[in-house]
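Every letter in the sequence shown is one number past the one before it in full-length UniProt numbering, and letter 341, counting from 1, is 341. All residues carry an ideal CB built from backbone N, CA and C; glycine is no exception. It should be emphasised that the depicted structure is a prediction, and the values quoted were computed from it without experimental measurement.
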Amino acid sequence: MGTHADPLPPERSAEHPAVGALVDHTLDTFEWLTNFDSLSHLLDQQYLFGSGSSSSSPRTKKRRVLHVGCGTSIVGEGLVGALDYDFVLNIDKDDFMVAEMKSRTSFPSRCKYQQLDLNDESACRNAKLGEVPFDLVVDKSTLDCLLCSDASGLLCEIYHSLCEGGVYFVCSFHSKELILPLLQYPGMQWDIVCTSINRVVERVSNKQSTSNQFQHNKISNIQDGCNNSKESIDSSKLRPATNQSAWNDGTFMPNSTYGKTVNIFICRKNQDIRKAEAPEDLLFQCDRAAIRDHLHKVNDKWFQKVNPMLTHTREVALRRLFTENGGDDCGLPLARAYAVMFTAAEREHLTFDLFLEDWNFFLENHGDSVCFKDFMTIDVALKFLKEMQ
1 MGTHADPLPP
11 ERSAEHPAVG
21 ALVDHTLDTF
31 EWLTNFDSLS
41 HLLDQQYLFG
51 SGSSSSSPRT
61 KKRRVLHVGC
71 GTSIVGEGLV
81 GALDYDFVLN
91 IDKDDFMVAE
101 MKSRTSFPSR
111 CKYQQLDLND
121 ESACRNAKLG
131 EVPFDLVVDK
141 STLDCLLCSD
151 ASGLLCEIYH
161 SLCEGGVYFV
171 CSFHSKELIL
181 PLLQYPGMQW
191 DIVCTSINRV
201 VERVSNKQST
211 SNQFQHNKIS
221 NIQDGCNNSK
231 ESIDSSKLRP
241 ATNQSAWNDG
251 TFMPNSTYGK
261 TVNIFICRKN
271 QDIRKAEAPE
281 DLLFQCDRAA
291 IRDHLHKVND
301 KWFQKVNPML
311 THTREVALRR
321 LFTENGGDDC
331 GLPLARAYAV
341 MFTAAEREHL
351 TFDLFLEDWN
361 FFLENHGDSV
371 CFKDFMTIDV
381 ALKFLKEMQ
């Protein structure tokens, strides 16, 4: 396998007179979390797929890559230009970004861009996503972003799109204590290797060439001592994944290393649940509702652990506030309890109407233990906070 600074073979360079050159367009390229070169040693074909995958030996299998949530990243260009993958499909739900990247790609026949929302199941089927399986799916912080909304479509589609033995490559700011349980969602089977790398983040000018940027980043990483050379790869010696959480007893307390590394999850699909004898109309089916429920449960459990709403400090403060505000055996009226229980910043997100919705839901499960439906005692308030986080 040649280095990033090596010229591409003539048949590859013929696609464009200046390999890697970016056209001067409106958007600068931007890399979420970390740049391509900091990841390249782990994305190398020989590392992911074994001997016979290097450019120095003939390959009969052509490697196909799906890059999800591409934005204006040049990862797709790097996979083709530096690591010699045969084809990369970069997808994003943003039309404008996709149009920009289409117009500036250096490898128009090997590095495609397409607008697609993975949460739109009918759009994925119409786009025939996964009908020709991919060997590799690259996800650089897309899972992180969708955890704030709905990641079920992403996880369904990447699993459906991967060939058996294919790799889902996740670059995440979150710790393995959160990501690993998330990936153990219903019906999917992975063999997972976890590691971490140092972050390298910069905005790449749209006037810089991608080929020059790959070379520049390689030099920077070596100078920084990141040990990202492909020659040093040994799975048994990979740096362990890190715990990125900076929360302690409900307080955000980042240390000096917080945010300086990212975790990598190399997930190999070890079983294809779509059997050949399955009816045609079942091949694309995935229980998104079950996966969505799984993600919510894992997320809730994680944040209750690392950033609990009800900490010991908060419990002591609430007991004092309930007493000071006249909370007797009957408790406080709901409006007063709401004002006491939540800070001004919290009330901006949890309005009183939303609080009442949560309260009514709480009563459905615990109504027998609540004496007054329009009042809240301190013990009920603490139980409410613990359960409704």
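{"Query": "Cα-Cα separation between PHE372 and CYS330, rounded to whole angstroms", "Result": "7 Å"}
{"Query": "Cβ shell of ARG336 (< 8 Å), same chain only, five flanking positions each side left out", "Result": "ASN325"}
{"Query": "For HIS67, the residue or residues it bridges with in DSSP", "Result": "ASN90, VAL138"}
{"Query": "Cut-off 7 Å between Cβ atoms - residues of its own chain near VAL172, not counting five sequence neighbours on either side", "Result": "Correcting the residue type first, residue 172 is Ser in the shown sequence and not Val. Answer for SER172: SER141, LEU143, ASP144, ILE179, VAL262, ASN263, PHE265, listed in chain order."}
{"Query": "Bridge-paired residues (DSSP) for MET376", "Result": "LEU332"}
{"Query": "Distance CB(VAL137)-CB(CYS111) smaller than 8 Å", "Result": "no"}
{"Query": "Run of the beta strand (DSSP E) containing LYS112, from where it starts to where it stops", "Result": "111-115"}
{"Query": "Cβ pair GLU31, SER73 closer than 8 Å", "Result": "yes"}
{"Query": "Cβ neighbours of HIS25 in the same chain (closer than 8 Å, five flanking residues each side left out)", "Result": "Its pLDDT being 48, under 50, HIS25 is placed unreliably by the model, and nothing is read from it."}
{"Query": "CA-to-CA distance, CYS194 to LEU182, given in whole angstroms", "Result": "14 Å"}
{"Query": "Bridge partner(s) assigned by DSSP for ARG268", "Result": "VAL167, ASP191"}
{"Query": "Check whether VAL359 and LEU321 have beta carbons under 8 Å apart", "Result": "At residue 359 the sequence reads Trp, which differs from the Val that was named. Taking 8 Å as the Cβ cut-off, TRP359 and LEU321 do not qualify as a contacting pair."}
{"Query": "Beta-bridge partners of VAL262, as assigned by DSSP", "Result": "ILE197"}
{"Query": "Where the alpha helix (DSSP H) through THR323 begins and ends", "Result": "312-324"}
{"Query": "Beta-carbon spacing of THR351, ILE197 below 8 Å", "Result": "no"}
{"Query": "ASN90 classed as buried or exposed, judged by whether at least 16 other C-beta atoms fall within 10 angstroms", "Result": "buried"}
{"Query": "Cα-Cα separation between LEU116 and GLU315, rounded to whole angstroms", "Result": "46 Å"}
{"Query": "Cross-strand partners of SER172 (DSSP beta bridge)", "Result": "ASN263"}
{"Query": "Rounded C-alpha distance that separates MET309 from LEU146", "Result": "22 Å"}
{"Query": "Contact under 8 Å by Cβ, CYS286 with VAL167", "Result": "no"}
{"Query": "Contact set for ASP339: own chain, Cβ-Cβ below 7 Å, skip 5 residues either direction", "Result": "In the sequence as displayed, the identity of residue 339 is Ala instead of Asp. There are no such residues."}
{"Query": "Nearest candidate by alpha-carbon position, reference GLU364, set ALA345, MET341, MET388", "Result": "MET388"}
{"Query": "Local Cβ density within 10 Å of GLN184, reported as buried at 16 or more and exposed below that", "Result": "exposed"}
{"Query": "Coarse secondary structure for PHE342, derived from DSSP in three states", "Result": "coil"}
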